[in-house]
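Worksheet: the structure to be examined is printed underneath.
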Amino acid sequence: MPRREITGFSNPTVKFLRSLRDKKHRRREGKFLAEGLRLLTDARESGRLPEMLVAARDRDPHPLLAELESAVLAAGGDVVETSADILGKITGKDNPQAVTGVFAEWDTGLAAIDRAASPIWLVAQAMRDPGNLGTMLRTADAVGAGGLILIDDCADPFSAEAIRASMGAVFTQAIAQARWEEFLPWLRSAPGQLVAASLRDAVPYRGAPYAAPCFILIGNESRGLPEAYEMACDLRVTMPMKGRADSLNAAVAGAVLAYEVLASLGG
1431 MPRREITGFS
1441 NPTVKFLRSL
1451 RDKKHRRREG
1461 KFLAEGLRLL
1471 TDARESGRLP
1481 EMLVAARDRD
1491 PHPLLAELES
1501 AVLAAGGDVV
1511 ETSADILGKI
1521 TGKDNPQAVT
1531 GVFAEWDTGL
1541 AAIDRAASPI
1551 WLVAQAMRDP
1561 GNLGTMLRTA
1571 DAVGAGGLIL
1581 IDDCADPFSA
1591 EAIRASMGAV
1601 FTQAIAQARW
1611 EEFLPWLRSA
1621 PGQLVAASLR
1631 DAVPYRGAPY
1641 AAPCFILIGN
1651 ESRGLPEAYE
1661 MACDLRVTMP
1671 MKGRADSLNA
1681 AVAGAVLAYE
1691 VLASLGG
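Heads up: the sequence shown begins at 1431 in our numbering, then just goes up one per residue.
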């Protein structure tokens, strides 16, 4: 398919792309937007190509962008050129990146998770902040985790905010979404240690008996984990708080625990 040009704000493709900023339309279409050459290059290197690539006409030439365009066209995708103003309308930003891509969402069922793929997995329960969600994906990538499992009502991992915060990790990490009532039986159906930061019958997080595959459970930013969820864990650990704050940011707590687990398991 050859490159095509869009010159009008009322073009149906522009309306479609703008709609993907809304969770309801992303769910309906099964597609999402990712913006920026670095992010799209990370996606390509992870084996994921956008179905549609939209680039500003007056962009500076870049070899990575040329390679990306060629790869999208070779795969039967769509390459669109438009003005920076229209691109800004699509992304909702006054100063948009020179390129954005439309990706198909992938299977986020628990059945798609291979727990043997990594000794570490992150699990977020009712995480509402897309920035925290993206940060947890980035942490998962950094520690070599298998991915992030989202429990109950979490922020959308395919929102622009979560994708941006993930710094490309959304394309390298497995993502699953489930209710607690579905997750716990799945976890217990095969080897897997569930660990949470807690004050209930907890041991110090340093030197705790972590075991692979280790699933690190992080709760809601303001409420933490429900008591029943904590009591279902195989191991509860506590982290020292030496200042006035009584807790860490949820994503930060996940990162601290993930690196401790990594060190304990010999990573």
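Backbone N, C-alpha and C define an ideal beta-carbon position, used for all residues, glycine too.
Review point. Can you tell me where the alpha helix (DSSP H) with Arg1474 in it begins and where it stops?
Key: Counting along the chain, Arg1474 sits inside the alpha helix (DSSP H) bounded by residues Leu1467 to Glu1475.
**Study point:** Residues near Phe1645 by beta carbon distance below 6 Å, same chain, minus five either side
**Key:** Excluding sequence neighbours, Phe1645 sits near Trp1551, Val1553, Gly1622 and Leu1624.
Practice item. Report the rounded CA-to-CA distance for Ala1547 versus Asp1582, giving the unit in angstroms. Key: Cα to Cα, Ala1547 sits roughly 24 Å from Asp1582.
Exercise for review: Using alpha carbons as the reference points, say which of His1492, Glu1481, Leu1463 and Arg1489 lies closest to Gly1506.
Suggested key: Checking every option, the nearest Cα to that of Gly1506 belongs to Glu1481.
Check your understanding: In three-state terms, what does DSSP make of Ala1685?
Key -> Ala1685: helix per DSSP, three-state reduction.
Practice item. Give the straight-line distance between the Cα atoms of Gly1522 and Pro1493, rounded to the nearest whole angstrom. Key: The alpha-carbon of Gly1522 is positioned some 26 Å away from that of Pro1493.
Review point. Which residues in the same chain have their Cβ closer than 7 Å to the Cβ of Val1444, if we skip the five residues on either side of it in sequence?
Key: When the five nearest sequence neighbours on each side are left out, the beta carbons in the same chain lying within less than 7 Å of the beta carbon of Val1444 are those of Ile1436, Ile1516, Lys1519 and Ile1520, in order along the chain.
**Study point:** Supposed close pair Ser1476, Phe1588 - CB separation, criterion 8 Å
**Key:** Between Ser1476 and Phe1588 the beta-carbon gap is near 15 Å, outside 8 Å, which marks them as no contact.
**Study point:** Among Leu1687, Gly1697 and Asp1586, the one whose alpha carbon lies nearest that of Ala1457
**Key:** Sequence check: residue 1457 is Arg here, not Ala. From the listed residues Leu1687, Gly1697 and Asp1586, the smallest Cα separation to Arg1457 is found for Asp1586.
Check your understanding: Nearest CA to the CA of Ser1596: which residue from Leu1687, Arg1434 and Ala1464?
Key -> The shortest Cα separation from Ser1596 among Leu1687, Arg1434 and Ala1464 belongs to Ala1464.
Check your understanding: Taking the alpha-carbon positions, what's the Arg1433 to Leu1447 distance?
Key -> Note on geometry: alpha-carbon atoms of Arg1433 and Leu1447 lie some 17 Å from one another.
Point to revise | Asn1562 versus Glu1591, Ala1575, Glu1535 and Gly1574, residue with shortest Cα-Cα distance | key: When only C-alpha atoms are compared, the closest one is Glu1591.
**Study point:** Simplified DSSP assignment, three categories, for Asn1650
**Key:** Reduced to three states, the DSSP call for Asn1650 is strand.
Practice item. Mark Met1671 as exposed unless 16 or more other C-beta atoms lie within 10 angstroms of its C-beta, in which case mark it buried. Key: Its Cβ having fewer than 16 others within 10 Å, Met1671 is exposed.
Check your understanding: How about Glu1689 and Thr1668: do their beta carbons lie closer than 8 Å?
Key -> The sequence shown places Tyr at residue 1689, not Glu. In this structure, Thr1668 does not lie closer than 8 Å to Tyr1689 by Cβ.
Point to revise | Host beta strand (DSSP E) of Thr1512 (start-end) | key: It spans Asp1508 to Thr1512 - the beta strand (DSSP E) in which Thr1512 sits, taken as one unbroken run.
Exercise for review: May I ask you to report which of helix, strand or coil DSSP gives Trp1536?
Suggested key: Trp1536 falls in the coil class under three-state DSSP.
Check your understanding: How many angstroms separate the CA atom of Phe1613 from the CA atom of Tyr1640?
Key -> Here the alpha carbons of Tyr1640 and Phe1613 stand approximately 20 Å from one another.
Review point. Thinking C-beta only, is Pro1549 closer than 8 Å to Leu1695?
Key: When the beta-carbon positions are compared, Leu1695 and Pro1549 come within less than 8 Å of each other.
Point to revise | Own chain residues within Cβ distance below 6 Å of Ala1514, not counting five before or after | key: Contacts found: Ala1486.
Check your understanding: Could you give the residue range of the alpha helix (DSSP H) that holds Thr1437?
Key -> No residue range can be given for Thr1437, since it is assigned to no alpha helix (DSSP H) and is classified by DSSP as neither H nor E.
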